[in-house]
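Residue numbers (my numbering): 60 to 361. Quick reminder that beta carbons are idealized off the backbone N, C-alpha and C, glycines included.
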Amino acid sequence: MSSLVVVGSVAIDSITTPFGARERSLGGSATHFSVSASFYTDVSVVAVIGDDFMAEDEAVFHERKINTRYLQRVPGGKTFRWVGEYGFDLNTAVTKDTQLNVFADFKPELSAELRNAPFLFLGNIQPTLQRQVREQSNAKFVAMDTMNLWIDIARDELIKTINVVDCVVINDAEARQLAGEANLIRAARKILDLGPKLLIVKRGEYGAAFFTKDSFFATAAYPLEAVFDPTGAGDSFAGGFMGHLAHADKVDDHTLRRGIIYGSVMASYNVEEFSCDRLRRLTPEEIKARFHEFKEFTHFEV
Ligand code: AMP
């Protein structure tokens with residue numbers, strides 16, 4: 060049985076960065092999340108794909124031993140497509156096109172087995188769908204992501220979903236937009252008032268932080284010289300974070316702090332190459348090495 064379930068998009072992306080372009084790039088929130096989390100625990104992915112999803116795309120999930128039993132293929136359908144572009148500010152993706160395709164009629168159903176998985180991640184999809192999944196689950200810890208699109212067009216639904224999860228993982232611009240508050244600390248307080256116990260704010264090349272009502276922890280990002288494709292940084296961060304929690308099977312303060320660091324390690328590797336290319340070659344030794352480097356560069360003596 061999987062200890063961790065992710066619901067989200069499995070996508071075919073077209074990506075342009077200042078350093079190159081890829082016309083057909085395996086992507087999606089559930090893809091980046093599950094590939095990253097698979098280094099820590101057993102993961103099941105709940106998503107939908109079309110006929111254009113090729114064996115070589117699916118092979119990425121098999122290589123990482125991700126459970127794809129609940130990856131539904133819709134005959135005659137087309138996989139979700141996202142076209143994104145980055146300028147020199149690699150922290151901000153500009154969406155050029157989104158085609159929901161098979162996602163338009165997606166009704167995620169959790170099997171009896173998946174309902175009892177202790178950890179659930181609601182990857183970035185329409186917030187009503189996220190809530191439908193949350194309501195089917197008996198997980199003891201549920202986290203969710205979202206994006207500016209849903210804050211713009213489905214705000215009320217999003218707020219209802221935020222109310223029924225334990226943890227929200229979003230980037231700093233989304234936190235400010237959602238809270239209607241320029242100051243990040245005040246924005247965090249407002250988001251916690253919507254219901255979740257924990258808020259994680261991803262800050263791109265500046266790192267990540269978590270907030271609860273009475274605690275705060277932050278780390279810098281790994282100092283990378285070459286960021287090639289930032290797509291999936293947020294989801295691979297969430298995969299490392301949730302993967303570590305599921306592996307430890309607890310959510311105390313120490314585990315959360317280490318989770319933030321493991322998330323940052325996974326995101327730092329993910330952005331070194333297009334799509335999941337770097338994580339496909341990643342080794343546990345490389346994860347360990349960067350994890351220890353984080354300890355070195357954040358440690359100081361009083
Ligand atoms: P991030 O980790 O935030 O960089 O997420 C990148 C992934 O989000 C891409 O691979 C896209 O396929 C996916 N994505 C973009 N827009 C949407 C959307 N509206 N719904 C679901 N997934 C999306």
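One question on the structure: do ALA246 and GLY266 come within less than 8 Å of each other, judged by their Cβ atoms? no
Would you call the CB atoms of ILE212 and GLY143 closer than 8 Å? no
Is it a yes or a no for the segment 285-301 touching the segment 88-100, going by three-plus beta-carbon pairs under 8 Å? yes
Does at least one heavy atom of the ligand AMP sit under 7 Å from the Cβ of ASN183? yes
Inter-residue spacing [alpha-carbon to alpha-carbon] between SER274 and ALA114: 46 Å
Helix, strand or coil for PHE126, going by three-state DSSP, please let me know. Here residue 126 is Asn; the residue named in the question, Phe, does not match the sequence. Of the three classes helix, strand and coil, the one that applies to ASN126 here is strand, per DSSP.
Going by the C-beta, is MET113 closer than 7 Å to any heavy atom of the ligand AMP? no
Which residues bound the beta strand (DSSP E) around ARG140? 139-145
Could you tell me the distance, in whole angstroms, from the CA atom of VAL224 to the CA atom of SER84? 31 Å
What does the Cβ neighbour count give for LYS386, buried or exposed, with the cut at 16 atoms within 10 Å? For the chain, the structure presents residues 60 to 361; residue 386 sits outside this window and is missing.
Which term fits LEU304, buried or exposed, when burial requires 16 or more other beta carbons within 10 angstroms of its beta carbon? buried
How should GLU233 be labelled, buried or exposed, when 16 other C-beta atoms within 10 angstroms of its C-beta is the threshold for buried? buried
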